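Protein chains in written order, with our numbering: chain X, 12 to 166; chain Y, 777 to 905. Heads up, the beta-carbon is just placed ideally off N, CA and C, and yes, glycines get one too. Just so we're clear, the structure is a prediction, and the values are computed from it rather than from any experiment. Below is one structure; the comments refer to it alone.
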């Protein structure tokens with residue numbers, strides 16, 4: 012009889028363990044699917060030169076499964092042209108700026124170089140590449156991950 | 777035969793709890809259990825009551841060793857099943873394997889030490905001698 016209770020207890024312990032494993036792993040599966048299939052779209056449009064500062068209207072959109080809650084944290088993006096000239100790296104904090112509408116500003120020496128190059132060539136094709144920090148909530152706690160983004164803009 | 781069956785049952789129970797513990801410590805953010813030490817509590821329950829099934833310390837050591845090895849395999853298998861992307865799977869597999877082995881080793885030490893004491897305290901035939 013005592014053995015029966017012990018077997019019963021062990022069955023319960025085993026059942027609880029596998030139930031927890033199933034739930035946890037299922038949540039992780041959802042997360043991995045989001046990481047694998049999701050992507051971020053960075054859109055830029057050149058607005059104007061304010062002196063030596065090039066202003067770009069920008070927006071960042073997340074394309075993830077509907078059940079996944081995405082919270083933008085930060086964006087770090089570098090500007091370069093087709094010839095490989097570098098125009099600086101810029102950071103946006105999405106705790107302050109709205110990811111659906113924010114401005115990227117190429118300023119200082121890089122802004123001067125960019126303005127000079129645009130005047131020389133009439134138009135310039137800029138290539139952007141960088142990383143976006145996002146928080147994905149697919150389980151009990153949000154998970155911070157970095158995602159690569161790239162974009163192009165005509166000036 | 778009966779002895780082997782009991783060792784097998786204990787092995788499977790230990791493997792289940794160890795897999796739960798191993799995955800919860802590694803994928804903490806995705807597990808809904810509100811108490812992080814829950815797998816260890818289950819493991820202590822198994823040490824206290826599950827060891828009643830075995831009469832010899834060597835049986836317990838065998839069960840715990842097998843359970844630890846199986847738990848590493850289960851952990852990898854569970855994650856491999858749910859992650860469809862081969863690149864992402866490859867990315868996480870190495871870390872998962874390394875951590876699973878480490879956690880399984882800790883659990884093995886815990887169960888071997890605690891279980892051996894429990895079996896020896898009970899004596900060969902009795903339950904709470």
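Return the CA-CA distance between residue 817/Y and residue 20/X, expressed in angstroms with no decimal places. In this model, residue 817/Y and residue 20/X are separated by some 13 Å (Cα to Cα).
Top-ranked residue by Cα proximity to residue 787/Y, from 870/Y, 830/Y, 801/Y: 830/Y
By DSSP, does residue 904/Y sit in helix, in strand, or in coil? Its pLDDT being 46, under 50, residue 904/Y is placed unreliably by the model, and the measurement read from it follows with that caveat. Coil, per DSSP.
Exposure of residue 835/Y, with buried meaning 16 or more beta-carbon neighbours within 10 Å: With 16 or more other Cβ atoms within 10 Å, it is buried.
What does the Cβ neighbour count give for residue 782/Y, buried or exposed, with the cut at 16 atoms within 10 Å? buried
I'd like to know if residue 50/X contacts chain Y, where contact means its C-beta is closer than 9 Å to some C-beta of that chain. no
Between which two residues does the beta strand (DSSP E) carrying residue 120/X extend? From DSSP, residue 120/X is part of no beta strand (DSSP E) but of the alpha helix (DSSP H) over 119 to 132.
I need the DSSP call for residue 63/X, collapsed to helix, strand or coil. coil
Test: residue 42/X CB closer than 9 Å to a CB of chain Y: yes
Show which residues of chain X have a CB atom less than 9 Å away from the CB atom of residue 826/Y. 17, 20, 21, 24
Which term fits residue 50/X, buried or exposed, when burial requires 16 or more other beta carbons within 10 angstroms of its beta carbon? exposed
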